[in-house]
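**Q**
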Amino acid sequence: MPVSELNLQVNISVGGVPFKQDKHLMFIFWGIILPVIGSFGLIGNMLNIIVLFRREMKSTTVYFLRTLVLTDTGIIVGCILGLSSISITQLHPDNPAMNYYTHVIYPHMYTPINFIVMALQFTNVWVTVAVTIERYIAICHPFSADFVRNKRNTFILIGCICVIAIAYNIPRCFATKVTECDNRTECVTSCVGNRSECRSGAMPNVTECDNITDCITPCDDNKRYCLSLVTTDLGRTEGYEQYYSVYAYMVVIYIVPLVILIILNILLIIELMRMRKRRSATFPSPNENSETNMSIVLILIVVVFILCQTPGLVAQFGF
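Shown next as structure tokens:
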């Protein structure tokens, strides 16, 4: 698929071979490892949903956690649909059903899946920041907590984050489009795209490609069997390719949230240590214990979040 910017694919090289062009490596990572790890994540999220959506769980922090688990689940499902499926079908281009999925269904799926996953990631990141701020206010500024931490404000904040996430990622909907093959050569190249001998600009020799007739016939009969996912004029602009897809994404999704999370968690840890010293000589109330335990859980969540997001930040600089 001649798309210059694919956010659901990595852009690295292994042994001088572009990773996203090596279908076997894609299958190992996206077709096997990703679904296995994602399945464990989905199971864990289902257990979290069972716990967090119980009637007695009604604190403002729980509403943030519910949003996190739902967006996490959506991201996992979206990545499996967007990466695992295409890595599997590209290994079997001669299978009519898989060839149809690769060249007809997937080109239509890519743009909406990319938009949804990126919007969910944006929401997930900034809800994590929001719940950290909420915990910071509850622990470090308890006298202001009752005014800030209420159900109405929580819903408004989550809603605003969702709206901003959708608005921020709208350009992705116009960066790629699905087109029909303009001519027979393009159609054959697309249908037999996994064979290096068939990737030249000229019409390939029939003897060089297996089952090339199987590609020519449906493409000649009906162009809808030969669709191509291409980058639009907007997607090719420097503003989109560099400033939006790389720099803005890096700042909005990685750098700013990570800096906020690191600073607030350091302050939270310091305050929790002070609280433990003060309470060592007194008997803490159940509510104080609950607040402390919730803060500790949030700190662990943020630590895992930082560990998971940092490699992506490094990859943005390195590749």
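Under the working numbering, the first residue of the sequence shown is numbered 6, with each subsequent residue one higher. Even glycine gets a Cβ: it sits at the ideal position worked out from N, Cα and C.
Find the nearest neighbour of residue 303 within the set 315, 283 and 266, judged by alpha-carbon distance.
**A** Ranking 315, 283 and 266 by Cα distance to residue 303 puts 266 first.
**Q** Pull up the CB-CB distance for residue 78 and residue 307, whole angstroms please, since I reckon it's below 8 Å.
**A** About 19 Å; that fails the 8 Å criterion.
**Q** Take every Cβ of the region 26–37, pair it with every Cβ of the region 83–92, and state whether three or more of those distances are shorter than 8 Å.
**A** A contact exists between the region 26–37 and the region 83–92.
**Q** Whose CA, out of 283, 160, 262 and 84, lies closest to the CA of residue 36?
**A** Measuring from the Cα of residue 36, the nearest candidate turns out to be 84.
**Q** Is it the case that the Cβ atoms of residue 177 and residue 123 are separated by a distance below 8 Å?
**A** Result yes, Cβ atoms of residue 177 and residue 123 sit closer than 8 Å.
**Q** Does the region 63–80 come within contact of the region 134–151, defined as at least 3 CB pairs closer than 8 Å?
**A** Counting Cβ pairs under 8 Å, three or more are found: they touch.
**Q** Relative to the C-alpha of residue 340, which candidate in 232, 144 and 156 has its C-alpha closest?
**A** For residue 340 there is no data in the structure shown, the boundaries of the chain being 6 and 324.
**Q** Straight-line CA distance for residue 173 to residue 107?
**A** So the two alpha carbons sit approximately 29 Å from each other.
**Q** I think residue 300 touches residue 71, with their Cβ atoms under 8 Å apart; what is that distance to the nearest whole Å?
**A** The pair is not a contact, with the Cβ atoms about 18 Å apart (cut-off 8 Å).
**Q** How many Å lie between residue 53 and residue 248 at the Cα?
**A** Approximately 37 Å between the Cα atoms of the pair.
**Q** Give the DSSP-derived three-state secondary structure of residue 233 in the structure shown.
**A** Correct three-state label for residue 233: strand.
**Q** Where in the region 30–66 do unbroken runs of the beta strand (DSSP E), each at least 3 residues long, occur, reported from the N-terminal end onward?
**A** For the region 30–66, not a single whole beta strand (DSSP E) run of length 3 or above is found.
**Q** Determine the direct distance from the alpha carbon of residue 166 to that of residue 131, and round the result to whole angstroms.
**A** Between residue 131 and residue 166, the C-alpha separation is close to 7 Å.
**Q** Below 8 Å between beta carbons: does that hold for residue 81 and residue 57?
**A** The answer is no: Cβ separation not under 8 Å.
**Q** My assumption, with CB atoms under 8 Å, is that residue 276 sits in contact with residue 142. Please give the rounded CB distance.
**A** With a Cβ gap of about 11 Å, residue 276 and residue 142 do not count as contacting.
**Q** With DSSP as the reference, please indicate the residues paired to residue 185 in a beta bridge.
**A** 232.
**Q** By alpha-carbon positions, which one of 163, 126, 76 and 181 ends up nearest to residue 242?
**A** Nearest option by C-alpha distance: 181.
**Q** Between residue 311 and residue 126, how many whole angstroms is the CB-CB distance? I'm expecting something under 8 Å.
**A** Between residue 126 and residue 311 the Cβ distance is about 15 Å, and since that is not below 8 Å, they are no contact.
**Q** Buried or exposed: where does residue 270 fall if 16 or more other Cβ atoms within 10 Å of its Cβ makes it buried?
**A** Residue 270 is buried by the Cβ-count criterion.
**Q** If we count the other Cβ atoms within 10 Å of its Cβ and call it buried at 16 or more, is residue 305 buried or exposed?
**A** It is exposed - the Cβ of residue 305 has fewer than 16 other Cβ atoms within 10 Å.
**Q** My output table needs one value for residue 193: the three-state DSSP class, helix, strand or coil.
**A** No answer about residue 193 holds up, because its pLDDT of 45 lies below 50 and its placement is not dependable.
**Q** Straight-line CA distance for residue 245 to residue 175?
**A** Distance between the alpha carbons of residue 245 and residue 175: 12 Å.
**Q** Could you tell me which whole alpha helix (DSSP H) segments of length 4 or greater appear in the region 63–121?
**A** The qualifying runs are 65–84, 90–94 and 101–105.
**Q** By Cβ distance, which residues of its chain are closer than 6 Å to residue 43, with the 5 residues on each side in sequence left out?
**A** Once the five neighbours on either side are set aside, the close Cβ partners of residue 43 are 81 and 85.
**Q** Span of the alpha helix (DSSP H) holding residue 242?
**A** Careful: residue 242 lies outside any alpha helix (DSSP H) and carries neither H nor E.
**Q** For the alpha helix (DSSP H) that residue 180 lies in, which residues bound it at each end?
**A** Neither: residue 180 is in no alpha helix (DSSP H) and is coded neither H nor E.
**Q** Would a C-beta distance cut-off of 8 Å place residue 234 and residue 112 closer than the cut-off?
**A** Result yes, Cβ atoms of residue 234 and residue 112 sit closer than 8 Å.
**Q** Assuming residue 179 contacts residue 128 (C-beta within less than 8 Å), just tell me the rounded distance between them.
**A** Actually they do not touch by this definition, with Cβ atoms about 21 Å apart.
**Q** Please determine, among 261, 278, 160 and 281, the residue with the shortest C-alpha to C-alpha distance to residue 314.
**A** Cα-wise, what sits closest to residue 314 is 261.
**Q** Less than 8 Å between the beta carbons of residue 87 and residue 50, yes or no?
**A** Not closer than 8 Å, so no.
**Q** Please report the straight-line C-alpha distance between residue 97 and residue 104, rounded to a whole angstrom.
**A** Going by the C-alpha atoms only, they are around 7 Å apart.
**Q** Between which two residues does the alpha helix (DSSP H) containing residue 163 stretch?
**A** 156–174 is the extent of the alpha helix (DSSP H) around residue 163.
**Q** Just mark residue 74 as buried or exposed, buried being the case when its beta carbon has 16 or more other beta carbons within 10 Å.
**A** That one is buried.
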